[in-house]
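For the protein sequence lines, the chains are A and B, in the order given.
Sequential numbering from 72 applies to the first sequence in our numbering.
Sequential numbering from 72 applies to the second sequence in our numbering.
Beta carbons are placed, not taken as given, at the ideal position from N, Cα and C, and that holds for glycine.
Comments concern the structure below.
Protein chains: 2
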Amino acid sequence: MKLASLKGGRDGRLVVVSDDLHFCADATHIAPTLQAALDDWEHAEPELRNLATDLQHEVIPMLRFREHNAASPLPRAFQWADGSAYVNHVELVRRARGAELPESFWTDPLMYQGGSDGFLSPRDPIPLADEAWGCDMEGEVAVIVGDVPQGASRDEALAAIRLVCLVNDVSLRNLIPGELAKGFGFFQSKPASALSPVAVTPDALGEAWKDGKLHLPLLVSLNGADFGKADAGVDMTFDFGTLVAHAAKTRALSAGTIIGSGTVSNRDADGGPGKPVKDGGLGYSCIAEVRMIETIRDGQPSTPFMKGGDVVRIEMKDAHGHSIFGAIEQEVGSQEAGGA
Amino acid sequence: MKLASLKGGRDGRLVVVSDDLHFCADATHIAPTLQAALDDWEHAEPELRNLATDLQHEVIPMLRFREHNAASPLPRAFQWADGSAYVNHVELVRRARGAELPESFWTDPLMYQGGSDGFLSPRDPIPLADEAWGCDMEGEVAVIVGDVPQGASRDEALAAIRLVCLVNDVSLRNLIPGELAKGFGFFQSKPASALSPVAVTPDALGEAWKDGKLHLPLLVSLNGADFGKADAGVDMTFDFGTLVAHAAKTRALSAGTIIGSGTVSNRDADGGPGKPVKDGGLGYSCIAEVRMIETIRDGQPSTPFMKGGDVVRIEMKDAHGHSIFGAIEQEVGSQEAGGA
Numbered sequence: 072m073k074l075a076s077l078k079g080g081r082d083g084r085l086v087v088v089s090d091d092l093h094f095c096a097d098a099t100h101i102a103p104t105l106q107a108a109l110d111d112w113e114h115a116e117p118e119l120r121n122l123a124t125d126l127q128h129e130v131i132p133m134l135r136f137r138e139h140n141a142a143s144p145l146p147r148a149f150q151w152a153d154g155s156a157y158v159n160h161v162e163l164v165r166r167a168r169g170a171e172l173p174e175s176f177w178t179d180p181l182m183y184q185g186g187s188d189g190f191l192s193p194r195d196p197i198p199l200a201d202e203a204w205g206c207d208m209e210g211e212v213a214v215i216v217g218d219v220p221q222g223a224s225r226d227e228a229l230a231a232i233r234l235v236c237l238v239n240d241v242s243l244r245n246l247i248p249g250e251l252a253k254g255f256g257f258f259q260s261k262p263a264s265a266l267s268p269v270a271v272t273p274d275a276l277g278e279a280w281k282d283g284k285l286h287l288p289l290l291v292s293l294n295g296a297d298f299g300k301a302d303a304g305v306d307m308t309f310d311f312g313t314l315v316a317h318a319a320k321t322r323a324l325s326a327g328t329i330i331g332s333g334t335v336s337n338r339d340a341d342g343g344p345g346k347p348v349k350d351g352g353l354g355y356s357c358i359a360e361v362r363m364i365e366t367i368r369d370g371q372p373s374t375p376f377m378k379g380g381d382v383v384r385i386e387m388k389d390a391h392g393h394s395i396f397g398a399i400e401q402e403v404g405s406q407e408a409g410g411a
Numbered sequence: 072m073k074l075a076s077l078k079g080g081r082d083g084r085l086v087v088v089s090d091d092l093h094f095c096a097d098a099t100h101i102a103p104t105l106q107a108a109l110d111d112w113e114h115a116e117p118e119l120r121n122l123a124t125d126l127q128h129e130v131i132p133m134l135r136f137r138e139h140n141a142a143s144p145l146p147r148a149f150q151w152a153d154g155s156a157y158v159n160h161v162e163l164v165r166r167a168r169g170a171e172l173p174e175s176f177w178t179d180p181l182m183y184q185g186g187s188d189g190f191l192s193p194r195d196p197i198p199l200a201d202e203a204w205g206c207d208m209e210g211e212v213a214v215i216v217g218d219v220p221q222g223a224s225r226d227e228a229l230a231a232i233r234l235v236c237l238v239n240d241v242s243l244r245n246l247i248p249g250e251l252a253k254g255f256g257f258f259q260s261k262p263a264s265a266l267s268p269v270a271v272t273p274d275a276l277g278e279a280w281k282d283g284k285l286h287l288p289l290l291v292s293l294n295g296a297d298f299g300k301a302d303a304g305v306d307m308t309f310d311f312g313t314l315v316a317h318a319a320k321t322r323a324l325s326a327g328t329i330i331g332s333g334t335v336s337n338r339d340a341d342g343g344p345g346k347p348v349k350d351g352g353l354g355y356s357c358i359a360e361v362r363m364i365e366t367i368r369d370g371q372p373s374t375p376f377m378k379g380g381d382v383v384r385i386e387m388k389d390a391h392g393h394s395i396f397g398a399i400e401q402e403v404g405s406q407e408a409g410g411a
């Protein structure tokens with residue numbers, strides 16, 4: 072089953088979307104918003120599934136689904152926490168600044184608490200007020216969970232996963248060193264992010280959803296050129312069950328909590344850092360990663376961060392080449408406030 | 072005007088509370104929840120104020136207001152971000168571990184992104200699963216804002232403050248060093264917090280609300296003994312306008328965002344660290360602070376963190392000795408999951 076929130080009000084209007092993303096059906100008689108459906112999933116889910124079946128059989132009024140009309144599935148959420156499951160990526164960050172990766176990073180997930188009060192719509196511009204902040208995309212996979220009790224096991228956490236989607240975790244790279252030096256984690260360096268137009272139940276992902284990971288390439292392009300196609304199921308040290316259980320260790324998570332994978336990143340076939348797509352590699356899901364590789368190789372980075380007018384696109388396709396979640400496609404805007 | 076959320080459903084049921092906290096009136100015909108009122112404040116506020124006037128005049132059906140029946144005013148919120156405005160406190164933390172306070176800490180606010188998906192009710196136990204985590208209270212003041220545009224000035228931020236309340240920012244001290252060493256800030260070390268039973272509009276605070284600060288002592292007791300009575304208006308390096316503007320520098324804040332002051336902390340009259348209440352000082356709003364002073368003085372701390380059965384109470388009284396926000400009073404429980 073695929074769900075989306077059409078733009079409208081602070082929380083959007085819930086629709087069920089056809090598997091091919093061509094059509095949708097109003098679902099607000101079941102639950103006005105996706106958050107409301109997640110709050111009462113036990114009752115809402117079977118009704119939404121019936122509606123999805125009717126839509127697939129074309130026996131109910133259908134609307135053309137246009138990704139441009141979609142808000143993020145949760146236009147605002149009660150929690151967004153982002154892991155760094157691709158430890159390969161974290162190791163590169165460290166190596167670029169000459170620091171060792173602590174051994175514990177391979178066994179204890181790194182996770183930060185993100186701002187969840189406003190997700191940009193998937194085709195909305197990124198409202199960047201100052202290019203000097205170093206705007207970067209981070210292509211990620213995320214899960215949206217139901218209620219998770221404090222101390223949940225990995226298996227309980229896996230069972231609580233309701234939906235899967237993609238994320239562009241917008242990052243302001245040049246603000247990060249100063250913030251991390253203060254010791255309290257990210258804040259101003261992590262402005263509003265965007266989710267994919269559509270969120271999908273794990274069962275609808277078929278074979279690609281296995282062991283708490285999504286085994287498909289994450290397609291990232293920058294200004295129309297392929298930038299990355301790393302497989303989200305490869306080099307993911309911590310699966311989503313482990314990430315959700317980590318988040319729930321000392322407190323319950325309430326329904327609608329979004330847990331991210333961190334930037335998807337694959338090693339090269341030779342075990343070293345990934346190569347650019349144009350050189351036959353799998354490329355990168357964020358600009359920072361290629362800049363780190365450039366720094367390690369050349370002593371300094373050469374790929375610039377995003378400027379006004381740059382366009383990032385993040386998408387994932389099934390074995391038949393069909394978009395699963397729709398595309399996040401964002402132009403870097405300027406001076407516009409946004410995110411709420 | 073004073074507002075509260077009676078327990079019921081995920082978001083509580085909105086009531087207007089009398090100034091003396093004795094009575095309340097159902098407000099769900101105006102807005103079902105406090106979040107709904109904040110989402111549409113322009114329309115909801117005048118109607119809620121009329122209801123509050125009617126309640127004060129006892130011309131409408133009144134209910135006895137019982138703090139035990141109150142949820143946190145926002146039982147779940149879209150954002151909770153906590154500053155460290157009492158730099159005196161931050162300086163002590165650093166000094167206890169032999170580190171210098173960077174000069175920039177006096178001009179650039181420290182703030183972390185907290186979890187907002189579940190606030191404990193003000194009289195609910197703290198669901199501590201392991202005493203070894205080092206459970207501590209943090210007595211704080213917080214503001215709840217309306218929509219704040221990206222890049223808002225301090226004055227714009229001050230004008231966006233809708234409500235003021237108290238917070239017990241529960242902290243797991245023994246998990247903090249490990250988490251901060253990982254570099255991404257707090258996560259497991261900051262479980263669900265609790266807000267005061269009542270949230271109050273700034274105008275209802277009268278003279279005590281001035282220059283974006285609340286000029287009254289924050290009364291903290293532990294197991295019935297006075298623990299702290301530091302003045303929240305003293306030694307607050309960053310007022311709430313500055314804190315909210317800091318949070319909004321790179322992204323808009325959506326209505327219902329809660330911004331905390333950090334642990335309230337006053338220097339002693341001689342300029343040194345605060346003395347215990349029993350020694351004639353103003354005491355402390357968290358256990359960590361007295362432990363830091365003990366560490367500086369004796370080489371090691373002697374006051375233990377909270378154990379099962381310990382009770383913390385946090386309250387603020389007006390010039391006539393009347394409770395303004397009602398009391399947060401929480402017993403440390405055990406093994407119970409909670410927060411959602």
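Do residue 270/A and residue 112/A have their CB atoms nearer than 8 Å?
Stepping through the first sequence from its first residue, residue 270/A is reached at position 199. Stepping through the first sequence from its first residue, residue 112/A is reached at position 41. No, the pair does not count as a contact, with Cβ atoms beyond the cut-off.
Residue 259/B CB to nearest chain A CB: under 8 Å?
The residue labelled residue 259/B in the question sits at position 188 within the second sequence. Judged by the 8 Å Cβ criterion, residue 259/B is in contact with chain A.
For residue 21/B, which residues of its own chain have a beta-carbon under 7 Å away from its beta-carbon, when the five flanking residues on both sides are left out?
An answer regarding residue 21/B cannot be provided, because it is not within the stretch 72 to 411 covered by chain B.
Using DSSP with H/G/I as helix, E/B as strand and the rest coil, what is residue 76/B?
Position 5 of the second sequence, counted from the start, is the residue given in the question as residue 76/B. Note: residue 76/B maps to strand in three-state DSSP.
Given this structure, state the Cα-to-Cα distance separating residue 153/A from residue 348/A, to the nearest angstrom.
Mapped onto the first sequence, residue 153/A falls at position 82. Mapped onto the first sequence, residue 348/A falls at position 277. Computed Cα separation, rounded: 26 Å.
Counting C-beta neighbours from all protein chains within 10 Å, is the total for residue 281/A 16 or more, i.e. buried, or is it exposed?
Taking the first residue of the first sequence as 1, we reach residue 281/A at position 210. Burial call: exposed.
Mind checking the region 168–196 of chain B against chain A and listing, in chain order, the residues whose C-beta falls within less than 9 Å of any C-beta there?
Result list: 173, 175, 176, 179, 181, 182, 183, 184, 185, 186, 187, 188 and 189.
Give me the Cα-Cα distance between residue 108/B and residue 115/B, rounded to the nearest whole angstrom.
By one-based count along the second sequence, residue 108/B stands at place 37. By one-based count along the second sequence, residue 115/B stands at place 44. Computed Cα separation, rounded: 6 Å.
DSSP three-state label for residue 246/B, please.
Looking up residue 246/B in the second sequence gives position 175. Reduced to three states, the DSSP call for residue 246/B is helix.
Measuring only between beta-carbons, confirm whether residue 325/B sits less than 8 Å from chain A.
Position 254 of the second sequence holds residue 325/B. At least one chain A Cβ lies under 8 Å of residue 325/B.
Assuming contact is defined by CB atoms lying nearer than 8 Å, are residue 85/B and residue 102/B in contact in what I supplied?
The residue given as residue 85/B occupies position 14 in the second sequence. The residue given as residue 102/B occupies position 31 in the second sequence. Against a cut-off of 8 Å, the Cβ pair of residue 102/B and residue 85/B comes out as a contact.
Note down, in chain order, all residues in the region 198–217 of chain B with a beta-carbon under 9 Å from any beta-carbon belonging to chain A.
So the list reads 198, 199, 200, 201 and 204, given in the order they occur along the chain.
How would you write the range of the beta strand (DSSP E) that residue 385/B sits in, first residue to last?
Here residue 385/B corresponds to residue number 314 of the second sequence, with the count starting at 1. Residues 382–386.
For residue 206/A, tell me which candidate among 379/A, 387/A, 143/A and 170/A has the shortest Cα-Cα distance.
Stepping through the first sequence from its first residue, residue 206/A is reached at position 135. Residue 379/A is the option with its Cα nearest to residue 206/A.
For a contact defined as C-beta to C-beta under 8 Å, what are the partners of residue 150/B on chain A?
Numbered from 1 along the second sequence, position 79 holds the residue referred to as residue 150/B. Correct list: 186, 187 and 188.
In the DSSP assignment, find the beta strand (DSSP E) that holds residue 228/B and state where it starts and stops.
Working through the second sequence from its first residue, we reach residue 228/B at position 157. No beta strand (DSSP E) contains residue 228/B, which is instead part of the alpha helix (DSSP H) from 225–230.
Can you tell me whether DSSP reads residue 358/A as helix, strand or coil?
Residue 358/A sits at position 287 when you count from the first residue of the first sequence. In this structure, residue 358/A counts as helix in the three-state DSSP scheme.
For residue 263/A, which residues in chain B fall below 8 Å Cβ to Cβ?
Here residue 263/A corresponds to residue number 192 of the first sequence, with the count starting at 1. Here the neighbours are 322 and 323.
Looking at chain A, is there any beta carbon in it that lies within less than 8 Å of the beta carbon of residue 416/B?
No information on residue 416/B is available, as it lies outside the stretch 72 to 411 that chain B covers here.
Listing by chain order, which chain B residues have their CB less than 8 Å from the CB of residue 110/A?
Against the first sequence, residue 110/A aligns to sequence position 39. The answer, in chain order, is 81.
Under 8 Å between C-beta atoms, does residue 147/B make it to chain A?
Against the second sequence, residue 147/B aligns to sequence position 76. Answer yes: the Cβ-Cβ gap between residue 147/B and chain A drops below 8 Å somewhere.
Would you mind telling me which residues of chain A sit closer than 7 Å to residue 254/B, beta carbon to beta carbon, in chain order?
What you label residue 254/B is simply residue 183 of the second sequence in a count that begins at 1. Neighbours of residue 254/B on chain A, chain order: 251.
Using DSSP's beta-bridge definition, name the partner residues of residue 215/A.
Translated into the one-based positions of the first sequence, residue 215/A becomes position 144. 234/A and 329/A.
In or out: residue 373/B buried (at least 16 other Cβ within 10 Å) or exposed?
Counting from one through the second sequence, the residue named residue 373/B turns up at place 302. Classification for residue 373/B: exposed.
Can we count residue 137/B as close to the ligand GDP, meaning its CB is less than 7 Å from some heavy atom?
The ligand content of the structure shown is nil, which means the ligand GDP is not present either.
Consider the Cβ of residue 221/B: report whether some Cβ of chain A lies at a distance smaller than 8 Å.
What you label residue 221/B is simply residue 150 of the second sequence in a count that begins at 1. It does: the Cβ of residue 221/B has a partner Cβ on chain A nearer than 8 Å.
At least one CB of chain A closer than 8 Å to the CB of residue 243/B: is that the case?
Taking the first residue of the second sequence as 1, we reach residue 243/B at position 172. Yes, residue 243/B lies at the interface with chain A (some Cβ there is under 8 Å from its Cβ).
So with Cβ pairs under 8 Å, would you call residue 328/A a contact of chain B?
Working through the first sequence from its first residue, we reach residue 328/A at position 257. Closer than 8 Å: yes.
Which of helix, strand or coil does DSSP assign to residue 208/A?
For this step, residue 208/A is matched to residue 137 along the first sequence. The answer is coil: DSSP assigns residue 208/A none of H, G, I, E or B.
Beta-carbon separation of residue 133/A and residue 167/A under 8 Å?
The residue given as residue 133/A occupies position 62 in the first sequence. The residue given as residue 167/A occupies position 96 in the first sequence. For residue 133/A and residue 167/A, no; Cβs fall outside 8 Å.
Could you work out which residue in 284/B, 314/B and 317/B is closest to residue 303/B when comparing CA atoms only?
Counted from its first residue, the second sequence places residue 303/B at position 232. The shortest C-alpha separation from residue 303/B is found at 284/B.
Assign residue 135/A to one of two classes, buried (16 or more other C-beta atoms within 10 Å of its C-beta) or exposed (fewer than that).
As a first step, residue 135/A is located in the first sequence; it is residue number 64 there, counting from the start. Per the 10 Å Cβ criterion, exposed.
Compute the beta-carbon to beta-carbon distance between residue 333/A and residue 155/A, rounded to the nearest angstrom, for a pair I have assumed lies under 8 Å.
For the purposes of this step, residue 333/A is identified with residue 262 of the first sequence, where counting begins at 1. For the purposes of this step, residue 155/A is identified with residue 84 of the first sequence, where counting begins at 1. At roughly 4 Å, the Cβ-Cβ gap stays under 8 Å, so residue 333/A and residue 155/A are in contact.
Based on the DSSP secondary-structure assignment, which residues constitute the bridge partners of residue 135/A?
For this step, residue 135/A is matched to residue 64 along the first sequence. 94/A, per the DSSP bridge assignment.
Please identify the residue among 253/A, 228/A, 254/A and 204/A whose C-alpha is closest to the C-alpha of residue 261/A.
Counting from one through the first sequence, the residue named residue 261/A turns up at place 190. Cα-wise, what sits closest to residue 261/A is 204/A.
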